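Below is one structure, written out as structure tokens; the observations come after it.
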Amino acid sequence: MPNEIVTAPELAPPVGYAHAVVAGPGRLVHLGGQTALDAEGKIVGEDVPAQLDVVAANVVAALRAAGGTPEDIVSVQIFVTDIAAYKAQLPALGEVWKKHFGRHYPASGLFGVTGLFDEEALIELMVVAVVGPEAAS
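First residue of the sequence shown? That's 1 in the numbering used here, and the numbers climb one at a time after it.
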């Protein structure tokens with residue numbers, strides 16, 4: 001049984017997220033916080049969309065290493081250092097999201113923070129996925 005997206009009829013329609021996700025049987029995978037670190041450990045990208053492109057690729061790589069796919073994601077926590085800049089770039093961010101995750105929108109939350117571990121990082125994603133029981137580790 002795949003993960004089931006749930007939309008509560010008494011709530012405002014979700015845009016870019018799900019009200020709830022009922023996770024199917026499988027293995028629970030918690031990804032470590034992903035920032036725009038390249039293979040050499042350097043933050044790349046000058047703005048939020050450019051960094052999200054790297055962050056999302058890192059999420060997909062970590063998830064694949066755990067035997068999963070983007071469709072297995074059930075929850076995403078998004079941490080940004082500037083919510084106003086994030087909102088101002090929503091169309092570009094949406095395109096980057098679709099590039100890596102398609103039209104899969106899990107339960108998610110956006111949090112403004114004063115900073116991230118790497119000073120140059122503008123965005124960090126914390127992801128939870130449920131990978132099918134048949135997936136290899």
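Don't be surprised by glycine CBs; every beta carbon is placed ideally from N, CA and C. Just so you know, these numbers come straight off a predicted model, no measurement behind them.
Tell me where the alpha helix (DSSP H) around residue i begins and ends.
i, result
"R64", "V48 to A65"
"L90", "L90 to F101"
Helix, strand or coil for residue i? Go by DSSP, reduced to three states.
i, result
"A85", "helix"
"F117", "coil"
"E4", "strand"
Taking the alpha-carbon positions, what's the residue i to residue j distance?
i, j, result
"V44", "A50", "8 Å"
"F79", "Y17", "15 Å"
"A136", "A12", "In this prediction, A136 has a pLDDT of 45, which is less than 50 and means its spatial position is unreliable; nothing more can be read from the coordinates."
"A8", "K98", "24 Å"
"E119", "A39", "18 Å"
"I5", "E124", "23 Å"
"H19", "K87", "20 Å"
"E10", "K42", "45 Å"
"A23", "A84", "32 Å"
Do residue i and residue j have their CB atoms nearer than 8 Å?
i, j, result
"L138", "T81", "No information on residue 138 is available, as it lies outside the stretch 1 to 137 that the chain covers here."
"G68", "M126", "no"
"V48", "Q77", "no"
"A36", "V54", "yes"
"N3", "V74", "yes"
"V21", "P91", "no"
"G26", "V131", "yes"
"P70", "G102", "yes"
"H100", "A129", "no"
"L93", "L52", "yes"
"V29", "A61", "no"
What residue range is occupied by the uninterrupted beta strand (DSSP E) comprising residue i?
i, result
"E124", "I123 to V131"
"I43", "Run containing I43: none; DSSP gives neither H nor E here."
"L110", "A107 to G112"
Tell me, please, whether the CB atom of residue i is closer than 8 Å to any CB atom in chain B?
i, result
"D82", "Absent from the structure: chain B. Only one protein chain is present."
Inside the segment 8-35 only - beta strand (DSSP E) runs reaching at least 3 residues: Fully enclosed beta strand (DSSP E) runs of 3 or longer: 20-22 and 27-30.
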